[in-house]
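*Asks:*
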Amino acid sequence: MNHVITPVRAELDIAGRRLSCVDFGGPGRPLLALHGHLSEGKSFAAVAAGLAPEWRVIAPDQRGHGDSDRAADYSREGYLADVIALLDHLGLDRVVVMGHSLGGVNAYHLAARHPERVTAFVNADAPVSLGLDGKPNPLAFVLPLPYQAPTREALVEALGEAAPYFTETLRENPDGTWRLPFHPQDMVDSEDLVHGDHWDVWLATACPALLVRGTQGGVIPADQAHAMVARRPNTRLAELATDHFVHTGDHEGFTTAVRGFLGSLPSAG
Numbered sequence: 044m045n046h047v048i049t050p051v052r053a054e055l056d057i058a059g060r061r062l063s064c065v066d067f068g069g070p071g072r073p074l075l076a077l078h079g080h081l082s083e084g085k086s087f088a089a090v091a092a093g094l095a096p097e098w099r100v101i102a103p104d105q106r107g108h109g110d111s112d113r114a115a116d117y118s119r120e121g122y123l124a125d126v127i128a129l130l131d132h133l134g135l136d137r138v139v140v141m142g143h144s145l146g147g148v149n150a151y152h153l154a155a156r157h158p159e160r161v162t163a164f165v166n167a168d169a170p171v172s173l174g175l176d177g178k179p180n181p182l183a184f185v186l187p188l189p190y191q192a193p194t195r196e197a198l199v200e201a202l203g204e205a206a207p208y209f210t211e212t213l214r215e216n217p218d219g220t221w222r223l224p225f226h227p228q229d230m231v232d233s234e235d236l237v238h239g240d241h242w243d244v245w246l247a248t249a250c251p252a253l254l255v256r257g258t259q260g261g262v263i264p265a266d267q268a269h270a271m272v273a274r275r276p277n278t279r280l281a282e283l284a285t286d287h288f289v290h291t292g293d294h295e296g297f298t299t300a301v302r303g304f305l306g307s308l309p310s311a312g
């Protein structure tokens, strides 16, 4: 059952750089939700409604995405510094973290580097070994896209065949021009920096974890997913017959799996 929630957007200034956040509110325990590349915090709206009122979902637009400003650094250190600053700003000592793709990698890195802040995490289709096959950067397709244009109409026209994917998320600048919710070069740089072997980080923690894998176009091979669960204590696997975007491709299945996992956690902490 989905509950009516009233999201509130707030901003945090980090050394002159804006970090925007959607707080879906409610009386429940805090759950930090980290989106993937080309996305934003409000992509978790349906999940937040499905987890309410037991859980209060807080979803930042990660640096360089949505309403958050661009940054000079898209490394794990940069992304995690923003998360810690947000948690401190909100007065949240310990949270459950849920992350999709880029956000999933950031979630298990957060658990490893700041175990005192993470009680459990949900990894939504984020591998621990990626970009090591020699294939081109999968986000390179955005590089030809225009970042901004004088009007919304001009930007939509310039986007061409890509327009339907981004029309609903375009942003108006203070000067009246319009832009994408991300800079194409930033996304390619960020994707490059997330590539690598993250096994040591994945195995560095033993807090409760749920791995959700899409079996119809997800990015985690079946053998890797099963090894991730077998090698890491307190980790369970949920496989959904959908693509990489498990939280939207099978919203009901994803929410059911996450609710079951969250319901198994201790009531405190």
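In this note's numbering, the protein residues as written are 44 to 312. No residue lacks a Cβ here, since even glycine has one placed at the ideal position from N, Cα and C.
For L94 and L74, I'd like the C-alpha separation in whole angstroms.
*Replies:* If you number the sequence shown from 1, residue 94 lands on position 51. If you number the sequence shown from 1, residue 74 lands on position 31. Cα-Cα distance, rounded: 10 Å.
*Asks:* Cβ atoms of L283 and G292: under 9 Å apart, would you say?
*Replies:* Within the sequence shown, numbered from 1, the residue matching residue 292 stands at position 249. Within the sequence shown, numbered from 1, the residue matching residue 283 stands at position 240. Their beta carbons are under 9 Å apart, which means G292 touches L283 by this criterion.
*Asks:* In terms of residues, what are the limits of the alpha helix (DSSP H) holding S233?
*Replies:* Here the question's residue 233 lines up with position 190 in the sequence shown. Unbroken alpha helix (DSSP H) run through S233: P227 to V237.
*Asks:* Just curious, the beta strand (DSSP E) that D56 is in, first and last residue?
*Replies:* As a first step, residue 56 is located in the sequence shown; it is residue number 13 there, counting from the start. Bounds of the beta strand (DSSP E) holding D56 are V51 to I57.
*Asks:* Is T248 closer than 9 Å to V161 when the C-beta atoms are compared?
*Replies:* Counting from one through the sequence shown, the residue named residue 161 turns up at place 118. Counting from one through the sequence shown, the residue named residue 248 turns up at place 205. For V161 and T248, yes; Cβs fall inside 9 Å.
*Asks:* Measure the C-alpha to C-alpha separation of V237 and L182 and round it to an integer number of angstroms.
*Replies:* Locating residue 237 in the sequence shown gives position 194, counting from the first residue. Locating residue 182 in the sequence shown gives position 139, counting from the first residue. Roughly 12 Å between the two C-alpha positions.
*Asks:* Pull up the distance between the alpha-carbon of G312 and that of V138, whole angstroms please.
*Replies:* The count along the sequence shown starts at 1 and reaches residue 312 at position 269. The count along the sequence shown starts at 1 and reaches residue 138 at position 95. With a pLDDT of only 48 at G312, under 50, the local geometry of the prediction cannot be trusted, and the value read off the model is given with reservation. The alpha-carbon atoms of G312 and V138 are separated by roughly 8 Å.
*Asks:* Grab me the residues of G296's own chain with a C-beta within less than 7 Å of its C-beta, minus the 5 sequence neighbours each way, in chain order.
*Replies:* The residue labelled residue 296 in the question sits at position 253 within the sequence shown. Taken in chain order, the residues that qualify are L283.
*Asks:* Is A192 closer than 9 Å to R214 when the C-beta atoms are compared?
*Replies:* Numbered from its first residue, the sequence shown carries residue 214 at position 171. Numbered from its first residue, the sequence shown carries residue 192 at position 149. Their beta carbons are not under 9 Å apart, which means R214 does not touch A192 by this criterion.
*Asks:* How would you label L175, buried or exposed, when you count the other beta carbons within 10 angstroms and need 16 or more for buried?
*Replies:* As a first step, residue 175 must be located in the sequence shown, where it is residue number 132. Counting Cβ neighbours within 10 Å, L175 comes out exposed, since fewer than 16 surround it.
*Asks:* Within 10 angstroms of the Cβ of S111, are there 16 or more other Cβ atoms? Answer buried if so, exposed if not.
*Replies:* The count along the sequence shown starts at 1 and reaches residue 111 at position 68. The residue in question, S111, is buried, as its Cβ has 16 or more Cβ neighbours within 10 Å.
*Asks:* Could you pull the DSSP bridge partners for V301 from this structure?
*Replies:* To locate residue 301, count along the sequence shown from 1; it is residue 258. None; V301 has no bridge partner.
*Asks:* Report yes if the C-beta distance between A89 and H294 is below 9 Å; otherwise report no.
*Replies:* Counting from one through the sequence shown, the residue named residue 89 turns up at place 46. Counting from one through the sequence shown, the residue named residue 294 turns up at place 251. Yes.
*Asks:* Is the number of C-beta pairs between the stretch 115-135 and the stretch 66-85 that are closer than 8 Å three or more?
*Replies:* yes
*Asks:* So does the stretch 100-117 actually touch the stretch 263-276, counting three or more Cβ pairs closer than 8 Å?
*Replies:* no
*Asks:* Round the Cβ separation of D168 and G147 to the nearest angstrom and send it over; I've been treating them as touching at under 8 Å.
*Replies:* Working through the sequence shown from its first residue, we reach residue 168 at position 125. Working through the sequence shown from its first residue, we reach residue 147 at position 104. 7 Å between Cβ atoms; contact.
*Asks:* Can you check whether the CB of V51 is closer than 9 Å to the CB of G71?
*Replies:* Reading the sequence shown from its first residue, position 28 is the one you call residue 71. Reading the sequence shown from its first residue, position 8 is the one you call residue 51. For G71 and V51, no; Cβs fall outside 9 Å.
*Asks:* Taking just the CA atoms, how far does G79 sit from S86?
*Replies:* Translated into the one-based positions of the sequence shown, residue 86 becomes position 43. Translated into the one-based positions of the sequence shown, residue 79 becomes position 36. The straight-line gap from Cα to Cα measures roughly 9 Å.
*Asks:* Once the 5 residues before and after Y151 are set aside, which same chain residues still bring their CB inside 7 Å of it?
*Replies:* Along the sequence shown, one-based indexing puts residue 151 at 108. Same-chain partners within the cutoff: F164, N166, V244 and W245.
*Asks:* Considering just the uninterrupted stretch of the beta strand (DSSP E) at P207, what are its terminal residues?
*Replies:* The residue you call residue 207 lines up with position 164 of the sequence shown. Taken as a continuous stretch (DSSP letters only), P207 belongs to no beta strand (DSSP E), being part of the alpha helix (DSSP H) at A206 to F209.
*Asks:* Hey, how far is the Cα of R156 from the Cα of G142?
*Replies:* Here residue 156 is taken as the residue at index 113 of the sequence shown, counted from 1. Here residue 142 is taken as the residue at index 99 of the sequence shown, counted from 1. Their Cα atoms are separated by approximately 16 Å.
*Asks:* Would DSSP call G296 helix, strand or coil?
*Replies:* Locating residue 296 in the sequence shown gives position 253, where the first residue counts as 1. If DSSP states are grouped into helix, strand and coil, G296 belongs with the helices.
*Asks:* Are the CB atoms of T212 and P227 nearer to each other than 9 Å?
*Replies:* If you number the sequence shown from 1, residue 212 lands on position 169. If you number the sequence shown from 1, residue 227 lands on position 184. No; because the gap between Cβ atoms is not below 9 Å, this pair is not in contact.
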